[in-house]
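*Asks:* Can you keep this structure in mind? I'll have questions shortly.
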(Lines of atoms letter the chains of each structure in order from A and count residues from 1; the text may use other names and numbers.)
(Lines give C-alpha, C1' and ligand atoms only; values in the text may rest on other atoms or scores of the structure.)
Protein backbone atom coordinates (compact mmCIF):
# COMPACT_ATOMS: atom_id res chain seq x y z
CA UNK A 1 0.00 0.00 0.00
CA UNK A 2 1.40 3.39 -0.97
CA UNK A 3 1.99 6.30 1.39
CA UNK A 4 0.75 9.71 0.28
CA UNK A 5 3.55 12.28 0.26
CA UNK A 6 3.48 15.93 -0.77
CA UNK A 7 6.80 17.19 -2.13
CA UNK A 8 7.01 20.99 -1.87
CA UNK A 9 9.94 22.16 -3.94
CA UNK A 10 11.65 25.49 -4.55
CA UNK A 11 12.81 25.15 -8.18
CA UNK A 12 15.49 27.87 -7.88
CA UNK A 13 17.05 26.37 -4.73
CA UNK A 14 20.73 25.62 -5.11
CA UNK A 15 20.92 27.81 -8.22
CA UNK A 16 18.55 25.47 -10.05
CA UNK A 17 20.09 22.25 -8.71
CA UNK A 18 16.75 21.28 -7.14
CA UNK A 19 15.10 21.26 -10.55
CA UNK A 20 17.96 19.25 -12.03
CA UNK A 21 17.71 16.41 -9.51
CA UNK A 22 13.90 16.40 -9.29
CA UNK A 23 13.34 13.46 -11.70
CA UNK A 24 15.72 11.27 -9.70
CA UNK A 25 14.14 12.29 -6.38
CA UNK A 26 10.69 11.38 -7.72
CA UNK A 27 12.01 8.07 -9.01
CA UNK A 28 13.52 7.16 -5.64
CA UNK A 29 10.38 8.02 -3.69
CA UNK A 30 7.93 6.38 -6.09
CA UNK A 31 10.08 3.25 -6.27
CA UNK A 32 9.66 2.98 -2.50
CA UNK A 33 5.84 2.99 -2.55
CA UNK A 34 5.24 6.72 -2.13
CA UNK A 35 2.34 8.31 -3.98
CA UNK A 36 3.94 11.70 -4.62
CA UNK A 37 2.06 14.95 -5.15
CA UNK A 38 4.49 17.58 -6.44
CA UNK A 39 4.10 21.29 -5.75
CA UNK A 40 6.59 23.83 -7.17
CA UNK A 41 6.77 27.24 -5.51
CA UNK A 42 6.78 30.40 -7.60
CA UNK A 43 6.80 33.10 -4.92
CA UNK A 44 7.27 33.68 -1.22
CA UNK A 45 4.45 32.15 0.82
CA UNK A 46 3.59 29.42 -1.69
CA UNK A 47 5.16 26.62 0.35
CA UNK A 48 3.28 27.63 3.49
CA UNK A 49 -0.07 27.79 1.68
CA UNK A 50 0.48 24.39 0.09
CA UNK A 51 1.52 22.75 3.37
CA UNK A 52 -1.53 24.23 5.12
CA UNK A 53 -4.03 23.05 2.47
CA UNK A 54 -6.98 21.64 4.48
CA UNK A 55 -7.98 19.31 1.63
CA UNK A 56 -4.71 17.38 1.84
CA UNK A 57 -4.78 13.82 3.13
CA UNK A 58 -1.03 13.21 2.80
CA UNK A 59 0.84 11.52 5.63
CA UNK A 60 4.22 13.10 4.88
CA UNK A 61 5.15 16.61 3.70
CA UNK A 62 8.68 17.07 2.34
CA UNK A 63 10.43 20.41 1.91
CA UNK A 64 12.93 20.39 -0.96
CA UNK A 65 14.94 23.60 -0.78
CA UNK A 66 16.71 25.74 1.79
CA UNK A 67 15.85 26.75 5.33
CA UNK A 68 13.37 29.35 4.04
CA UNK A 69 11.36 26.67 2.25
CA UNK A 70 11.52 24.45 5.33
CA UNK A 71 10.31 27.32 7.52
CA UNK A 72 7.29 27.89 5.28
CA UNK A 73 6.44 24.18 5.23
CA UNK A 74 6.72 23.95 9.03
CA UNK A 75 4.47 27.00 9.44
CA UNK A 76 1.93 25.56 7.02
CA UNK A 77 1.84 22.15 8.69
CA UNK A 78 1.49 23.65 12.17
CA UNK A 79 -1.17 26.11 10.99
CA UNK A 80 -3.16 23.22 9.51
CA UNK A 81 -3.33 21.40 12.84
CA UNK A 82 -2.60 18.07 11.12
CA UNK A 83 -0.12 15.75 12.80
CA UNK A 84 1.88 14.82 9.70
CA UNK A 85 5.60 14.15 9.50
CA UNK A 86 7.89 16.68 7.83
CA UNK A 87 10.91 15.58 5.81
CA UNK A 88 13.80 17.59 4.37
CA UNK A 89 15.74 17.30 1.12
CA UNK A 90 18.26 20.10 1.76
CA UNK A 91 19.16 22.14 -1.33
CA UNK A 92 19.85 25.53 0.26
CA UNK A 93 22.72 27.83 1.13
CA UNK A 94 23.18 26.97 4.80
CA UNK A 95 20.81 24.02 5.43
CA UNK A 96 21.04 24.70 9.16
CA UNK A 97 18.17 22.46 10.29
CA UNK A 98 19.39 19.56 8.18
CA UNK A 99 22.84 19.85 9.74
CA UNK A 100 21.34 20.13 13.22
CA UNK A 101 19.37 16.90 12.67
CA UNK A 102 22.26 15.14 10.84
CA UNK A 103 20.16 14.87 7.68
CA UNK A 104 22.66 14.31 4.82
CA UNK A 105 23.06 17.04 2.21
CA UNK A 106 23.31 14.31 -0.47
CA UNK A 107 19.80 14.02 -1.92
CA UNK A 108 19.86 10.22 -2.26
CA UNK A 109 20.81 9.83 1.40
CA UNK A 110 18.24 12.39 2.54
CA UNK A 111 15.59 10.51 0.56
CA UNK A 112 16.61 7.37 2.44
CA UNK A 113 15.98 9.19 5.74
CA UNK A 114 12.43 9.86 4.56
CA UNK A 115 11.99 6.26 3.40
CA UNK A 116 13.27 4.83 6.69
CA UNK A 117 10.53 6.79 8.43
CA UNK A 118 12.22 7.48 11.78
CA UNK A 119 10.61 10.52 13.41
CA UNK A 120 11.52 12.82 16.29
CA UNK A 121 9.33 15.26 18.16
CA UNK A 122 10.81 18.73 17.93
CA UNK A 123 10.12 21.94 19.83
CA UNK A 124 9.52 25.11 17.86
CA UNK A 125 9.58 28.75 18.87
CA UNK A 126 7.13 31.41 17.81
CA UNK A 127 6.41 35.10 17.93
CA UNK A 128 2.85 36.41 17.88
CA UNK A 129 2.42 35.50 14.20
CA UNK A 130 4.81 32.77 12.99
CA UNK A 131 6.82 29.75 14.07
CA UNK A 132 10.59 29.35 13.90
CA UNK A 133 12.59 26.14 14.31
CA UNK A 134 16.14 27.56 14.42
CA UNK A 135 16.37 30.96 16.04
CA UNK A 136 15.24 34.55 16.19
CA UNK A 137 17.85 37.29 16.13
CA UNK A 138 17.20 40.81 17.43
CA UNK A 139 19.34 43.67 16.17
CA UNK A 140 22.48 43.08 14.11
CA UNK A 141 21.58 40.02 12.02
CA UNK A 142 18.06 41.33 11.45
CA UNK A 143 19.57 44.55 10.05
CA UNK A 144 21.70 42.44 7.69
CA UNK A 145 18.64 40.58 6.44
CA UNK A 146 16.67 43.80 6.01
CA UNK A 147 19.42 45.12 3.72
CA UNK A 148 19.64 41.80 1.88
CA UNK A 149 15.91 41.61 1.23
CA UNK A 150 15.76 45.21 0.00
CA UNK A 151 18.35 44.50 -2.70
CA UNK A 152 17.71 40.83 -3.46
CA UNK A 153 16.86 40.02 -7.08
CA UNK A 154 17.21 36.23 -7.24
CA UNK A 155 18.51 33.26 -5.33
CA UNK A 156 20.72 33.52 -2.26
CA UNK A 157 24.33 32.38 -1.92
CA UNK A 158 26.93 33.06 0.74
CA UNK A 159 28.30 35.85 -1.48
CA UNK A 160 24.98 37.72 -1.49
CA UNK A 161 25.37 38.27 2.26
CA UNK A 162 28.79 39.93 1.94
CA UNK A 163 27.78 43.54 1.20
CA UNK A 164 24.85 43.62 3.69
CA UNK A 165 27.12 42.21 6.42
CA UNK A 166 29.87 44.75 5.72
CA UNK A 167 27.44 47.68 5.57
CA UNK A 168 25.80 46.64 8.84
CA UNK A 169 29.19 46.03 10.46
CA UNK A 170 30.28 49.61 9.71
CA UNK A 171 26.97 51.32 10.44
CA UNK A 172 25.41 49.34 13.30
CA UNK A 173 24.59 51.68 16.19
CA UNK A 174 23.86 49.07 18.89
CA UNK A 175 20.30 50.07 19.79
CA UNK A 176 19.37 49.35 23.39
CA UNK A 177 16.48 47.09 24.35
CA UNK A 178 14.98 45.47 27.44
CA UNK A 179 14.71 41.71 27.96
CA UNK A 180 12.47 39.72 30.28
CA UNK A 181 12.67 35.90 30.50
CA UNK A 182 9.86 33.95 32.19
CA UNK A 183 8.77 37.12 33.94
CA UNK A 184 12.24 37.97 35.25
CA UNK A 185 13.77 41.26 34.03
CA UNK A 186 17.38 40.89 32.92
CA UNK A 187 18.08 44.61 32.93
CA UNK A 188 18.59 46.96 30.04
CA UNK A 189 21.52 47.52 27.75
CA UNK A 190 21.29 44.70 25.24
CA UNK A 191 22.49 45.63 21.75
CA UNK A 192 22.15 42.27 20.01
CA UNK A 193 20.28 39.14 21.00
CA UNK A 194 19.59 35.55 19.92
CA UNK A 195 16.64 33.39 20.95
CA UNK A 196 17.66 29.91 19.84
CA UNK A 197 15.98 26.52 19.56
CA UNK A 198 19.06 24.76 18.18
CA UNK A 199 22.81 24.56 18.70
CA UNK A 200 23.61 25.91 15.25
CA UNK A 201 23.31 29.50 14.12
CA UNK A 202 24.50 29.41 10.52
CA UNK A 203 27.47 28.10 8.57
CA UNK A 204 30.23 26.99 10.96
CA UNK A 205 28.75 28.86 13.93
CA UNK A 206 27.48 26.77 16.84
CA UNK A 207 26.28 29.12 19.57
CA UNK A 208 26.09 26.49 22.32
CA UNK A 209 26.28 22.73 22.60
CA UNK A 210 23.74 22.87 25.44
CA UNK A 211 20.73 23.68 23.23
CA UNK A 212 18.39 20.78 22.44
CA UNK A 213 15.47 20.60 20.03
CA UNK A 214 13.39 18.60 22.51
CA UNK A 215 14.07 20.15 25.93
CA UNK A 216 11.00 22.38 26.05
CA UNK A 217 13.08 25.55 26.42
CA UNK A 218 14.65 28.32 24.37
CA UNK A 219 18.31 29.32 24.73
CA UNK A 220 18.69 33.08 25.08
CA UNK A 221 21.91 35.02 24.45
CA UNK A 222 22.05 38.72 25.30
CA UNK A 223 25.08 40.56 23.90
CA UNK A 224 25.71 43.83 25.76
CA UNK A 225 28.96 45.08 24.24
CA UNK A 226 29.41 47.82 21.64
CA UNK A 227 31.83 48.56 18.83
CA UNK A 228 33.31 46.85 15.80
CA UNK A 229 35.96 45.00 17.80
CA UNK A 230 33.21 43.60 20.01
CA UNK A 231 31.29 42.29 16.98
CA UNK A 232 34.44 40.50 15.81
CA UNK A 233 34.90 39.09 19.30
CA UNK A 234 31.35 37.72 19.29
CA UNK A 235 31.90 36.14 15.86
CA UNK A 236 35.12 34.54 17.13
CA UNK A 237 33.30 33.31 20.22
CA UNK A 238 30.51 31.77 18.16
CA UNK A 239 33.01 30.11 15.82
CA UNK A 240 34.84 28.47 18.72
CA UNK A 241 31.69 27.94 20.86
CA UNK A 242 32.86 30.14 23.73
CA UNK A 243 30.64 33.23 23.31
CA UNK A 244 28.61 32.34 26.41
CA UNK A 245 31.78 32.71 28.53
CA UNK A 246 32.30 36.40 27.74
CA UNK A 247 31.63 38.84 30.59
CA UNK A 248 29.37 41.00 28.41
CA UNK A 249 27.20 38.07 27.29
CA UNK A 250 24.27 36.76 29.33
CA UNK A 251 23.12 33.20 28.62
CA UNK A 252 19.87 31.91 30.11
CA UNK A 253 17.20 29.38 29.21
CA UNK A 254 13.47 29.88 29.39
CA UNK A 255 10.03 29.36 27.92
CA UNK A 256 8.89 32.94 27.29
CA UNK A 257 10.95 35.97 26.24
CA UNK A 258 9.65 39.53 26.09
CA UNK A 259 11.76 42.15 24.32
CA UNK A 260 11.12 45.86 23.87
CA UNK A 261 13.26 48.65 22.50
CA UNK A 262 14.40 51.70 24.42
CA UNK A 263 14.33 55.27 23.11
CA UNK A 264 11.50 54.41 20.68
CA UNK A 265 13.90 53.03 18.07
CA UNK A 266 12.58 50.62 15.43
CA UNK A 267 14.70 47.59 16.29
CA UNK A 268 14.12 44.72 13.82
CA UNK A 269 14.17 40.99 14.47
CA UNK A 270 14.49 37.99 12.16
CA UNK A 271 13.30 34.40 12.37
CA UNK A 272 15.07 31.52 10.60
CA UNK A 273 16.81 33.96 8.26
CA UNK A 274 13.77 35.99 7.18
CA UNK A 275 12.70 39.39 8.49
CA UNK A 276 10.15 39.06 11.26
CA UNK A 277 9.17 42.62 12.21
CA UNK A 278 10.12 45.20 14.81
CA UNK A 279 10.06 45.27 18.60
CA UNK A 280 8.25 44.94 20.95
CA UNK A 281 7.76 41.19 20.63
CA UNK A 282 7.16 38.07 22.69
CA UNK A 283 8.82 34.75 21.84
CA UNK A 284 7.59 31.47 23.29
CA UNK A 285 8.46 27.79 22.97
CA UNK A 286 5.92 25.23 21.76
CA UNK A 287 7.19 21.89 23.11
CA UNK A 288 7.17 18.79 20.88
CA UNK A 289 5.07 20.61 18.28
CA UNK A 290 6.58 19.06 15.17
CA UNK A 291 7.14 15.50 13.93
CA UNK A 292 10.34 15.61 11.89
CA UNK A 293 11.93 12.79 9.86
CA UNK A 294 15.54 12.38 10.96
CA UNK A 295 18.23 9.74 11.50
CA UNK A 296 17.98 7.64 14.65
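Numbering (the UniProt record's numbering), first residue to last: 1 to 296.
Note that beta-carbon positions come from the ideal geometry of N, C-alpha and C, so glycine has one too.
No experiment lies behind these values; they were computed from the predicted model shown.
1) Is DSSP giving residue 256 helix, strand or coil here?
2) Ends of the beta strand (DSSP E) at residue 161?
3) Considering only their Cβ atoms, is the gap separating residue 72 from residue 48 smaller than 7 Å?
4) Residue ranges of each alpha helix (DSSP H) run of no fewer than 4 residues wholly in the UniProt domain "DAGKc" (1-131), ordered along the chain?
5) Among the residues of its own chain, which have a CB less than 7 Å from the CB of residue 54, if the five just before and after it don't count?
6) Just confirm the distance between the C-beta atoms of residue 111 and residue 36, as a whole number of angstroms; I'd bet it's less than 8 Å.
7) Do residue 254 and residue 182 have their C-beta atoms closer together than 7 Å?
8) Measure the alpha-carbon distance for residue 209 versus residue 101 and round it to whole angstroms.
9) Does the beta-carbon distance from residue 65 to residue 105 come in below 7 Å?
10) Using only the alpha-carbon positions, how far apart do residue 340 and residue 247 sit?
11) Name the DSSP beta bridge partners of residue 137, please?
12) In angstroms with no decimal places, state the Cα-to-Cα distance between residue 358 and residue 122.
13) Can you grab the Cα-Cα spacing for the pair residue 119 / residue 263, in whole Å?
14) With C-beta atoms as the reference, is residue 282 less than 7 Å away from residue 175?
15) Whose CA, out of 178, 165, 177, lies closest to the CA of residue 143?
16) Output the distance between the C-alpha atoms of residue 280 and residue 258, rounded to the nearest integer angstrom.
17) Could you pull the start and end residues of the beta strand (DSSP E) that residue 177 belongs to?
18) Are the CB atoms of residue 195 and residue 218 nearer to each other than 7 Å?
19) Please name the residue, chosen from 113, 28, 13, that lies closest to residue 70 on a Cα-to-Cα basis.
*Replies:* So, from the listed chains and residues:
1) Translated into the one-based positions of the chain shown, residue 256 becomes position 256. Strand.
2) Within the chain shown, numbered from 1, the residue matching residue 161 stands at position 161. Counting along the chain, residue 161 falls outside any beta strand (DSSP E), and DSSP gives it neither H nor E.
3) Here residue 48 is taken as the residue at index 48 of the chain shown, counted from 1. Here residue 72 is taken as the residue at index 72 of the chain shown, counted from 1. Taking 7 Å as the cut-off, the beta carbon of residue 48 is found closer than this to the beta carbon of residue 72.
4) Counting only runs of 4 or more, we get 17-31, 46-51, 67-80, 96-101, 107-116.
5) By 1-based counting over the chain shown, the position of residue 54 is 54. Once the five neighbours on either side are set aside, the close Cβ partners of residue 54 are 80.
6) In the chain shown, counting from the first residue as 1, residue 111 sits at position 111. In the chain shown, counting from the first residue as 1, residue 36 sits at position 36. By a beta-carbon distance limit of 8 Å, residue 111 does not contact residue 36. Their separation comes to about 11 Å.
7) For the purposes of this step, residue 254 is taken as residue 254 along the chain shown, with counting starting at 1. For the purposes of this step, residue 182 is taken as residue 182 along the chain shown, with counting starting at 1. Going by C-beta atoms, residue 254 is nearer than 7 Å to residue 182.
8) Position 209 of the chain shown, counted from the start, is the residue given in the question as residue 209. Position 101 of the chain shown, counted from the start, is the residue given in the question as residue 101. Cα to Cα, residue 209 sits roughly 13 Å from residue 101.
9) Along the chain shown, read from residue 1 onward, the residue named residue 65 stands at position 65. Along the chain shown, read from residue 1 onward, the residue named residue 105 stands at position 105. Between residue 65 and residue 105, the C-beta spacing is not below 7 Å.
10) As displayed, the chain neither begins before 1 nor continues past 296, which places residue 340 out of reach and without an answer.
11) Translated into positions along the chain shown, residue 137 becomes position 137. Looking at the DSSP assignment, residue 137 forms a beta bridge with 194, 270.
12) No statement about residue 358 is possible, as the shown extent of the chain runs from 1 to 296 and does not include it.
13) Here the question's residue 119 lines up with position 119 in the chain shown. Here the question's residue 263 lines up with position 263 in the chain shown. Each residue's alpha carbon lies about 46 Å from the other.
14) Looking up residue 282 in the chain shown gives position 282. Looking up residue 175 in the chain shown gives position 175. The answer is no: Cβ separation not under 7 Å.
15) Here the question's residue 143 lines up with position 143 in the chain shown. Here the closest residue by C-alpha is 165.
16) The sequence position of residue 280 within the chain shown is 280, counting from 1. The sequence position of residue 258 within the chain shown is 258, counting from 1. If you take the alpha carbons of residue 280 and residue 258, they lie about 8 Å apart.
17) The residue you call residue 177 lines up with position 177 of the chain shown. Residue 177 -> beta strand (DSSP E) spans 177-181.
18) Position 195 of the chain shown holds residue 195. Position 218 of the chain shown holds residue 218. Yes, Cβ-Cβ distance for residue 195 and residue 218 is below 7 Å.
19) Your numbering for residue 70 matches position 70 in the chain shown. Residue 13 is the option with its Cα nearest to residue 70.
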